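Report on one structure; see the data block that follows.
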Amino acid sequence: MSFELGTDGPKVIVVGVDGSDTSMRAGAYAAGLARRQRARLVVVYVTGVPAASRLVAEAAGAVEQAAAEATEDMRRQVEQGALHAGVNAEFIAVRGDPYQEIVRVAGELRADAVVVGSSRHFGHRFVGSLAVRLVKAGRWPVTVVP
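Residue numbers (our numbering): 14 to 159.
Printed below as a string of structure tokens:
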């Protein structure tokens, strides 16, 4: 049997979270969708590398500590949310550009669907939000949760 993307509903759902209200709603929506479709749910938490940590050596340790704590906090939130929704969720924490990392993970996992929260940043109306960029990529159905 050959692999065919998107048949019979999603079997692998990737959701991007960053701790914002909209991304957490996207996570809850994706968990419900995964439960109803009996799909694999993969939660991708992308953090960047703050520029200040590269400029001030003394700040690097504190920045790394804060990033590690934020990642573990998000991991716990995902575990609790998955338990509440009645699904298993895989948690992947990566560093880099959210668009590039979500595209990479979704591609590697052969995702059938991607779910993200809508952007609240004014500038994204002009430059393009993560959601718009994912839709324009045209590789998966993308659900944008307000």
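The beta-carbon is built from N, C-alpha and C at its ideal position, and this holds for glycine as well. Bear in mind the structure is a predicted one, so any value in this text is a computation, not a measurement.
DSSP three-state assignment for histidine 137, whether helix, strand or coil: Residue placement at histidine 137 is flagged as unreliable, the pLDDT there being 46, under the threshold of 50; the coordinate-derived value follows with that caveat. Three-state result, histidine 137: helix.
Okay, do the region 89-96 and the region 119-135 touch, 3+ Cβ pairs below 8 Å being the bar? No, because fewer than three Cβ pairs between the region 89-96 and the region 119-135 fall closer than 8 Å, the two stretches do not touch.
Give the range of the beta strand (DSSP E) segment to which alanine 126 is assigned. That run of the beta strand (DSSP E) goes 126-130.
Run through the DSSP bridge pairs and tell me what alanine 106 is partnered with. Per DSSP, Tyr58.
Might you give, ordered along the chain, the residues of its own chain that have their beta carbon closer than 8 Å to the beta carbon of alanine 41, omitting 5 neighbours on each side? Cβ neighbours of alanine 41 beyond the five flanking positions: Gly94, Ala98.
So, at 6 Å on beta carbons, what are the nonlocal neighbours of valine 28 in its own chain, with the 5 sequence-adjacent residues on each side left out? Only residues of its own chain outside the window of five on either side were considered, and among them Ala39, Gly40, Ala43, Val56, Val128 have a CB closer than 6 Å to the CB of valine 28, listed in chain order.
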